[in-house]
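Top line first, the protein sequences correspond to chains D and V.
Counting from 3, one number per residue, gives the positions in the first sequence under our numbering.
Counting from 2, one number per residue, gives the positions in the second sequence under our numbering.
Ideal placement from N, C-alpha and C gives every residue a C-beta, glycine not left out.
Owing to the predicted nature of the structure, the values given are computational and were not obtained by experimental measurement.
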Amino acid sequence: KQEVTQIPAALSVPEGENLVLNCSFTDSAIYNLQWFRQDPGKGLTSLLLIQSSQREQTSGRLNASLDKSSGRSTLYIAASQPGDSATYLCAVTNQAGTALIFGKGTTLSVSS
Amino acid sequence: DAGVTQSPTHLIKTRGQQVTLRCSPKSGHDTVSWYQQALGQGPQFIFQYYEEEERQRGNFPDRFSGHQFPNYSSELNVNALLLGDSALYLCASSFPGLGNEQYFGPGTRLTVT
C-alpha cells in the first residue's frame, strides 16, 4: 500500500530565506507526482507536476525534484515571501493514473 | 476559462440524513475524482468517474456513491450520514491526454451534527 510522508509537519522562516520541503513515498511505481498549495479552508492549487520519467520541474521561484528509485521528492522555494504562507501537499498518482495519494502536508509560515 | 466549480460551499446536516454534492469540471476535462479531507489530514481518494462509469474506488463504504452526467459534471451522494463524515469534500478534474494533472475545486464543507 502506497504511503506518502512529508517532513517537517510545520516550518517557520523569516522572509527572504530559501527553503526545502521533503516528501517520501513507499512504492516507486507511480504515474506522476504533484505538489499543491492549500490556504486555510480552501481548495488545492496545483503548483508543479512531475511525470514519472522526469527528474525536475520549475515554475518561477519553485523547483521540484523527483527521485523515483529512492522514493523522494523535494520542493525548493527561493526567496520566501509572507504570501507563501500556506500548507504544501505532496501527492503521487498510482500507476493506473487515477487516484492521488496525499501526504499530510507541511504548514509553512513566512514572517516579515 | 472556468476552473472546477463545486456547490454548495457549506452544508449542515443531521446524522442519518442524506446529502448530494455537485461538481463541474474544468473546460476540456472529462474525468472527475472526489476526495474527502478531514481537518489536519491530507485528502483521501473516494472514487473517480470517466465516461459516466466509476473507474476506481478508494476505501470508502457503499454509503458513498456517485454519478457522472454526459456533460462530464458529477455528483457525490452520501447516505445515512455519520458525525465522522464531517469534512471538506474536494472535486478534481483531469484529462488523460494532459498528463493526468488534477485540478481541484474550492470544496464543499460538510458539517454533520
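{"Item": "CA-to-CA distance, V:LEU77 to D:ILE32, given in whole angstroms", "Value": "27 angstroms"}
{"Item": "Backbone secondary structure at V:ASP63 - three-state DSSP", "Value": "coil"}
{"Item": "Under 8 angstroms between C-beta atoms of V:GLY67 and V:LEU91", "Value": "no"}
{"Item": "Contacts that D:TYR33 makes with chain V (C-beta to C-beta distance below 7 angstroms)", "Value": "ASN101"}
{"Item": "contact_flag[the region 29-44 of chain D, the region 94-101 of chain D] where n(CB pairs < 8 angstroms) is 3 or more", "Value": "yes"}
{"Item": "Same chain, Cβ closer than 7 angstroms to D:VAL15, five either side skipped, listed in chain order", "Value": "LEU21, SER82, VAL112"}
{"Item": "Residue-chain proximity (V:GLY29, chain D), Cβ-Cβ < 8 angstroms", "Value": "no"}
{"Item": "Of the listed residues D:GLN8, D:LEU46, D:LYS3, nearest to D:LYS76 (C-alpha basis)", "Value": "Strictly speaking, residue 76 of chain D in this sequence is Thr, with Lys absent from that position. Checking every option, the nearest Cα to that of D:THR76 belongs to D:GLN8."}
{"Item": "Chain V contacts made by the region 86-103 of chain D, where a contact means CB separation under 9 angstroms", "Value": "LEU91, CYS92, ALA93, THR95, ASN96, ALA98, GLY99, THR100, ALA101, LEU102, ILE103"}
{"Item": "8 angstroms Cβ cutoff, V:GLY17 in contact with chain D", "Value": "no"}
{"Item": "Proximal residues, the region 36-68 of chain D versus chain V, C-beta separation under 8 angstroms", "Value": "GLN36, PHE38, GLY43, LYS44, GLY45, LEU46, THR47, SER48, LEU51, GLN53"}
{"Item": "Neighbourhood of D:SER48 by C-beta distance below 7 angstroms, restricted to the same chain and skipping five residues each side", "Value": "GLN36, PHE38"}
{"Item": "Sequence-distant residues of its chain with Cβ nearer than 7 angstroms to V:ARG58 (five each side left out)", "Value": "PHE48"}
{"Item": "At least three beta-carbon pairs within less than 8 angstroms, the region 24-41 of chain V to the region 96-106 of chain V", "Value": "yes"}
{"Item": "Chain-ordered chain V contacts of D:LYS106 [CB-CB under 9 angstroms]", "Value": "GLY41, GLN42, GLY43"}
{"Item": "Beta-carbon contacts of D:GLY99 that lie in its chain and below 6 angstroms, excluding the five residues immediately before and after", "Value": "TYR33"}
{"Item": "Where the region 46-77 of chain V meets chain D: residues whose CB sits under 8 angstroms from a CB there", "Value": "PHE46, GLN49, ARG56, GLN57, GLY59"}
{"Item": "Short Cβ contact (8 angstroms threshold) for V:VAL113 with V:LEU89", "Value": "no"}
{"Item": "Rounded C-alpha distance that separates D:GLY45 from D:SER71", "Value": "31 angstroms"}
{"Item": "For D:ASP69, three-class secondary structure by DSSP", "Value": "strand"}
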